[in-house]
Ligand SMILES: [Zn+2]
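Numbering (our numbering), first residue to last: 433 to 719.
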């Protein structure tokens, strides 16, 4: 009887983790059918998603959002080297978009002064920034491209986070493979969070407790850091990185996150923040 009750409590805790889910990282593929599939998935979790929208799809998405309120939060998928980037940001802001991203494949380092007007504009509008960090795919190996992982290094976010203390910054992919750096700069920058989308949770599936070595400072007092009640894992937020319409990745991602967090002994309360609580607070209060 008691074990049945415990089991029930455990099941309730598990269900609670994805109730009010926030997925911080969903790429729109430009098709309305995909938006329908995404919204159906979100309804199951009473969730919302940060939908990354290219300027070309803005009209379609704003019309869709008007008809399906409350599930999609727009992020302007701009290119930092686009000569019209500031005008695009203005347009996205006017449309009610709350952030920019996924910022990736830049010609210069993320913290290059050339991008200052862009980050200034985002900060003026209170928009969040979602950066790709670490390794990046090479979709057309037959074509020459001016792309380098060196310009997308996770450590470059440290400078941006410090210069823009009121801007919430999300680094996608936990800096893959610079996990240790990602964890440490998240520790010192209260406005910096990471998602664990991409190949990382697959690469580390045989050793899920590896992440305890990255998010090590829960309830630890060390020089310059007082003991905190907050789990270090709360620097992680949920992001699925669904792209190209591959909606299955949404469910698979939730499973991978849960397996890792459970293996690392992360509490249901901290998991609820990882799966949505943290970002709902930021959406509501700006920090
Ligand atoms: Zn990415």
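Every residue, glycine too, gets a C-beta built ideally from N, C-alpha and C.
Let me confirm a value: residue i is counted as buried when at least 16 other C-beta atoms fall within 10 Å, else exposed. Which label applies?
i: residue 703; result: buried
i: residue 498; result: exposed
i: residue 433; result: Bear in mind that a pLDDT of 49 at residue 433, under 50, signals an unreliable position, so the number given afterwards is only what the model happens to contain. Burial call: exposed.
i: residue 706; result: buried
i: residue 638; result: exposed
i: residue 708; result: buried
i: residue 526; result: exposed
i: residue 662; result: exposed
i: residue 460; result: buried
i: residue 451; result: exposed
i: residue 680; result: exposed
i: residue 455; result: buried
i: residue 685; result: buried
i: residue 717; result: exposed
i: residue 713; result: exposed
i: residue 473; result: buried
Less than 8 Å separating the beta-carbons of residue i and residue j?
i: residue 621; j: residue 594; result: yes
i: residue 484; j: residue 505; result: no
i: residue 457; j: residue 673; result: yes
i: residue 608; j: residue 567; result: yes
i: residue 507; j: residue 530; result: yes
i: residue 496; j: residue 555; result: no
i: residue 695; j: residue 640; result: yes
i: residue 560; j: residue 523; result: no
i: residue 563; j: residue 533; result: yes
Compare the Cα-Cα distances from residue i to each of the options and report the closest residue.
i: residue 465; options: 678, 587, 537, 687; result: 678
i: residue 693; options: 556, 644, 591; result: 644
i: residue 628; options: 565, 556, 468; result: 565
i: residue 590; options: 478, 616, 654; result: 616
i: residue 578; options: 554, 605, 541; result: 541
i: residue 711; options: 697, 670, 685, 496; result: 670
i: residue 612; options: 537, 462, 664; result: 664
i: residue 688; options: 573, 654, 632; result: 632
If I'm right that residue i touches residue j with Cβ under 8 Å, what's the distance once you round it to whole angstroms?
i: residue 510; j: residue 520; result: 5 Å
i: residue 602; j: residue 625; result: 5 Å
i: residue 585; j: residue 552; result: Their Cβ separation, rounded to whole angstroms, is 22 Å, which puts residue 585 and residue 552 out of contact at 8 Å.
i: residue 503; j: residue 480; result: 6 Å
i: residue 667; j: residue 618; result: 4 Å
i: residue 518; j: residue 549; result: 6 Å
Going by DSSP, what residue range makes up the beta strand (DSSP E) through residue i?
i: residue 560; result: 560-564
i: residue 459; result: 454-459
i: residue 625; result: 624-627
i: residue 466; result: Not the beta strand (DSSP E): residue 466 falls in the alpha helix (DSSP H), residues 464-476.
i: residue 604; result: 601-604
Tell me the residue span of the alpha helix (DSSP H) that contains residue i.
i: residue 534; result: No alpha helix (DSSP H) holds residue 534; the beta strand (DSSP E) holding it covers 531-535.
i: residue 488; result: Looking at the DSSP string, residue 488 is not in any alpha helix (DSSP H), and its letter there is neither H nor E.
i: residue 506; result: It is not in any alpha helix (DSSP H) - residue 506 instead sits in the beta strand (DSSP E) that spans 504-508.
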